[in-house]
Amino acid sequence: MIARLAKLVTLWVLSAVALLPQQTQAASEKSEGTVVKDAQYGEVLFYFYQGEYFPAIVRLLAAQEKNQLENHVNESELLLGGLYLSYGHHLYAAEIFERLLADNVEPEIRDRTWFFLSKIWHQRGYLTESQDALNNIQGELPKVLESERQMLQAQILIDERQYEQAIAMLQAWKGKNEWASYAKFNLGVAMVRSGRVDAAAKILDDLGNLDPYNEELSSIRDKANLALGYAYLQDGQPIAAKAPLQRVRLEGPFSNKALLGVGWADAEKDNFRRALVPWMELRNRDLLDSAVQESMLAIPFAMAKLDSISQAADHYLNAVEAFYEEANRIDRTIEHIETGALLDDFLDEDPLETTGWYWKLDDLPEGPESRYLFHLLATHSFQEGLKNYRDLNYLRRNLEDWQKNIGVYRNMLDTRELAYNERLPRIEDSLERADLDGMVSRKLDFDARLNSIEQSGDSLALADQREFELWGEIITLERNPALAADIPEAQEVRDKIRLLKGVLQWDLDKEFKSRLWKIRKDVQDTGQALVETRRSRRNVDETMRNEPLTFDGFNARVDGLNPRIDALKIDVDDAMGRQRAFLQSIAVEELRAQQQRLNTYSVQARFALAAIYDLSATVGDASQ
Amino acid sequence: MAPVHAEDPAPMDTDSVVAMSQSADEDAAQERAQFRSLDEDVQSLKKEVLDLNRDLFLLEEELLFPANSQVAFFISMDVGEYFDLDSVNLKIDGKEVSNYLYTEREVGALLRGGVHRVHMGNLKTGDHELIAIFTGKGPHVRDYRRGATMSFNKGIGAKYLELEISDRVKKQQPEFVIKEWE
Chain A
-17 MIARLAKLVT LWVLSAVALL PQQTQAASEK SEGTVVKDAQ YGEVLFYFYQ
33 GEYFPAIVRL LAAQEKNQLE NHVNESELLL GGLYLSYGHH LYAAEIFERL
83 LADNVEPEIR DRTWFFLSKI WHQRGYLTES QDALNNIQGE LPKVLESERQ
133 MLQAQILIDE RQYEQAIAML QAWKGKNEWA SYAKFNLGVA MVRSGRVDAA
183 AKILDDLGNL DPYNEELSSI RDKANLALGY AYLQDGQPIA AKAPLQRVRL
233 EGPFSNKALL GVGWADAEKD NFRRALVPWM ELRNRDLLDS AVQESMLAIP
283 FAMAKLDSIS QAADHYLNAV EAFYEEANRI DRTIEHIETG ALLDDFLDED
333 PLETTGWYWK LDDLPEGPES RYLFHLLATH SFQEGLKNYR DLNYLRRNLE
383 DWQKNIGVYR NMLDTRELAY NERLPRIEDS LERADLDGMV SRKLDFDARL
433 NSIEQSGDSL ALADQREFEL WGEIITLERN PALAADIPEA QEVRDKIRLL
483 KGVLQWDLDK EFKSRLWKIR KDVQDTGQAL VETRRSRRNV DETMRNEPLT
533 FDGFNARVDG LNPRIDALKI DVDDAMGRQR AFLQSIAVEE LRAQQQRLNT
583 YSVQARFALA AIYDLSATVG DASQ
Chain B
938 MAPVHAEDPA PMDTDSVVAM SQSADEDAAQ ERAQFRSLDE DVQSLKKEVL
988 DLNRDLFLLE EELLFPANSQ VAFFISMDVG EYFDLDSVNL KIDGKEVSNY
1038 LYTEREVGAL LRGGVHRVHM GNLKTGDHEL IAIFTGKGPH VRDYRRGATM
1088 SFNKGIGAKY LELEISDRVK KQQPEFVIKE WE
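Take a look at the structure:
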């Protein structure tokens, strides 16, 4: 057995699967060697290491089917689980892990794999499965993952609305890092949602006062302050709301909403002059932001409160116009999305080089709709849905490619069958003419004759043509009656003939053994060739018997695969349609919500404007 | 002067920060259920397409390279400190059958223990000669081109040959060996 060293054990492959891609590379450098004993196993690894999970899985399944992985039976099954996981084929990965993880893998790798699976399931909304996978973790994960595990656990509890358990868990949290902060933030928001503002305030206030040492923590801090500020505002506590809102960074992504909230906190206390300060700051910011939109109403609202009626009217008019234009843009975007073009844009931006769970859309495609859909990308539903859509698109192309190939195979088979049927009569004819049994019998006769020659020492029997003719001539001369005369000349010729005959006889005797050996060898070779010929003949006969069956077998497979491809294409198209509709509905829903908000603002602006005009008219009438 | 403003409560964009209503949770749960149902369909389709690909892969192989005449050549790498592979050229009985250019990603996969089937073909039973030319960067990043040759006998049944690139540490040179994969 020739050993080929792969730079990792298959069990490590599994652990590599359970890491982030950048961690995988680092881990590979530290891993131990293992021996690749089956070429097909090494081939699967070749594709796996390139992140080409689909071809790796296909090769592994094919090699398993043909029993080509005899030396890697368990490893290959676990590798398949890992590949399924990387490919986002999580339900089938779990089936393998349920079966094999317990007994075949080191506890650390096993736990890490369950964690990874749990994470995928959570992202895909399989909450029960995600919790089950977490329950399968028996030990403590490496530090970097342990926090994430606890965060995941807390998030599952929050998603399941089991707030008490989530609180208890988070309170017992030992580490102080980004994960703990994320979990606390999510918990705080969940509690606000459930109306438990006071309990949430404590959690969010803690986060809102933390001393951030990186951008992530600064961002969490801002979000917590924002959430708390708005929770207070909703709860009718504008004074309490101001402090957290003012803690939000002025240049951060949450500053618009914070500025708006600070303004409302002042407005609630009838301090409209102060409220105008943050709101006027918002006026020059991007109108796409809902806080900026709202500020366009808040400013004239405050101005009216401060009796700057004509200024307020101008601002309301501007707002109505801006909302109208924005609503029209959103309308056009919705139309664009409903044509299905949005998802095509997503796919165009990203060639199908990779598939699977690791894929992530980082940039939105260029286009009018992108500006409205930024935060959709951050949602699991959209990202995971997009992954599925992309995977389905890959499957579709795969099926189309195979369908073309099937056509080629069909032609190939037909041509091969035609050629076979054309050649068959000629072959049958020549086989019929080839008398193999006769040849064997002649060979046996020849053997017997050689034996007899050997026994009798008949060297003349092995003479070549020239010698034989010479011998014949000598015998003819010998029998010449003229030579029988008793005269000296005849005697002299008889002596010469005797001499010639003796020389020839001597030569024949001398060559006899070597000639006999050579002829025996030739006969033996002929015998060997006859045996080969007989074997070939048997093969030909067998092929002739089997070939129609082979054709039938291939024909059945090709004929059976085509309908399978057709049926799957229909299913994939159908699933793509549903997935597309789902994603479009999320996007359109998002845009409709934005449009609804604009419409509401627009109505409010018009109503306020009408009230201003009414008031002006009333004042005018009164003054006349 | 009477205050001039709508009687409705002042607009407040709180939705995007703290979703207040129960319906937000319900919508999320509904969206999750809808996603899950689609996802389960996608999972099952993936399984079916993978199985189909397996069957097609096997059909293709059996059709194009019947077991009796099948011959396959695999490239493997061990260590690879002294050689950075660019391409491999294969000739069987003097006829070029493959000229494969490797990408960086593929070389990485080889270095980590992957094995690449660089060529698969059909050969008659009997004696044959394989010549492999390896091109790349050798020690000190110099252009490097080396050949390896092997005579082999193709009997009945598939034949696998391995072209292994390894390091000869003593000479600080790469080594190219062709052997039968048993």
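Listed in order, the protein sequences are those of chains A and B. Residue numbers for the first sequence follow the numbering used here, beginning at -17 and rising by one. Residue numbers for the second sequence follow the numbering used here, beginning at 938 and rising by one. Backbone N, C-alpha and C fix where the C-beta goes; we use that ideal spot for every residue, glycine too. Quick caveat, the model's predicted, so the values are computed rather than measured.
Apart from the five residues on each side of it in sequence, which residues of its chain come closer than 6 Å, Cβ to Cβ, to residue i?
| i | result |
| --- | --- |
| residue 385 of chain A | 547 |
| residue 223 of chain A | 211, 214, 215, 247 |
| residue 1114 of chain B | 1101 |
| residue 186 of chain A | 170, 206, 209, 210 |
| residue 391 of chain A | 540 |
| residue 1050 of chain B | none |
| residue 1118 of chain B | 1097, 1099 |
Count the other C-beta atoms from every protein chain shown that fall within 10 angstroms of the C-beta of residue i, then say buried if there are 16 or more, exposed otherwise.
| i | result |
| --- | --- |
| residue 496 of chain A | exposed |
| residue 503 of chain A | exposed |
| residue 1111 of chain B | buried |
| residue 239 of chain A | buried |
| residue 370 of chain A | buried |
| residue 1093 of chain B | exposed |
| residue 586 of chain A | buried |
| residue 44 of chain A | buried |
| residue 315 of chain A | buried |
| residue 373 of chain A | buried |
| residue 1077 of chain B | exposed |
| residue 220 of chain A | buried |
| residue 990 of chain B | buried |
Report yes if the CB atom of residue i is closer than 8 Å to the CB atom of residue j, and no otherwise.
| i | j | result |
| --- | --- | --- |
| residue 213 of chain A | residue 244 of chain A | no |
| residue 120 of chain A | residue 93 of chain A | yes |
| residue 167 of chain A | residue 584 of chain A | no |
| residue 162 of chain A | residue 129 of chain A | yes |
| residue 1022 of chain B | residue 1073 of chain B | yes |
| residue 258 of chain A | residue 281 of chain A | yes |
| residue 294 of chain A | residue 254 of chain A | no |
| residue 148 of chain A | residue 134 of chain A | no |
| residue 1035 of chain B | residue 1027 of chain B | yes |
Would you report the Cα separation of residue i and residue j, rounded to the nearest angstrom?
| i | j | result |
| --- | --- | --- |
| residue 477 of chain A | residue 499 of chain A | 34 Å |
| residue 402 of chain A | residue 47 of chain A | 30 Å |
| residue 199 of chain A | residue 95 of chain A | 28 Å |
| residue 189 of chain A | residue 322 of chain A | 42 Å |
| residue 34 of chain A | residue 987 of chain B | 14 Å |
| residue 1104 of chain B | residue 53 of chain A | 26 Å |
| residue 313 of chain A | residue 264 of chain A | 25 Å |
| residue 1055 of chain B | residue 31 of chain A | 16 Å |
| residue 958 of chain B | residue 553 of chain A | With a pLDDT of 39 at residue 958 of chain B, under the threshold of 50, the modelled position of that residue is not reliable, and no figure is offered here. |
| residue 233 of chain A | residue 194 of chain A | 16 Å |
| residue 1096 of chain B | residue 1007 of chain B | 6 Å |
| residue 277 of chain A | residue 256 of chain A | 14 Å |
| residue 4 of chain A | residue 72 of chain A | Annotation note: pLDDT 38 at residue 4 of chain A (below 50); position unreliable, coordinate value reported separately. One C-alpha to the other measures close to 21 Å. |
| residue 551 of chain A | residue 416 of chain A | 53 Å |
| residue 1091 of chain B | residue 430 of chain A | 37 Å |
| residue 579 of chain A | residue 308 of chain A | 11 Å |
| residue 302 of chain A | residue 588 of chain A | 7 Å |
| residue 1037 of chain B | residue 1013 of chain B | 14 Å |
| residue 980 of chain B | residue 268 of chain A | 41 Å |
| residue 100 of chain A | residue 137 of chain A | 12 Å |
| residue 469 of chain A | residue 449 of chain A | 30 Å |
| residue 286 of chain A | residue 593 of chain A | 11 Å |
With a threshold of 8 Å on Cβ separation, who are the neighbours of residue i within its own chain once the five nearest residues in sequence on each side are excluded?
| i | result |
| --- | --- |
| residue 440 of chain A | 434 |
| residue -7 of chain A | Low confidence applies to residue -7 of chain A: its pLDDT is 48, below 50, so where it sits in the model is not reliable enough to give any reading. |
| residue 78 of chain A | 59, 60, 62, 63, 66 |
| residue 639 of chain A | There is no way to answer for residue 639 of chain A, as the model of chain A reaches only from -17 to 606. |
Please go through the same chain and pick out, in chain order, the residues whose beta-carbon is closer than 7 Å to the beta-carbon of residue i, but skip the five residues on each side of it.
| i | result |
| --- | --- |
| residue 421 of chain A | 512 |
| residue 1062 of chain B | 1091, 1092, 1093 |
| residue 452 of chain A | 486 |
| residue 237 of chain A | 230, 231 |
Worksheet entry | Stretch-stretch touch, CB-based, cutoff 8 Å, three pairs: the segment 208 to 221 of chain A with the segment 166 to 176 of chain A | These segments touch.
Item to complete: Please determine if the segment 553 to 566 of chain A and the segment 366 to 378 of chain A are in contact, where contact requires at least 3 C-beta pairs separated by less than 8 Å.
Response: Three or more beta-carbon pairs separated by less than 8 Å link the segment 553 to 566 of chain A to the segment 366 to 378 of chain A, which places the two stretches in contact.
Worksheet item: Would you say the segment 22 to 35 of chain A touches the segment 962 to 982 of chain B, given that touching needs at least three Cβ pairs under 8 Å?
Response: Of all C-beta pairs linking the segment 22 to 35 of chain A to the segment 962 to 982 of chain B, fewer than three are shorter than 8 Å, placing the two stretches out of contact.
Item to complete: Kindly confirm or deny that the segment 528 to 543 of chain A and the segment 987 to 1001 of chain B touch, where touching means at least three C-beta pairs closer than 8 Å.
Response: Taking 8 Å as the limit for Cβ pairs, the verdict is that the segment 987 to 1001 of chain B does touch the segment 528 to 543 of chain A.
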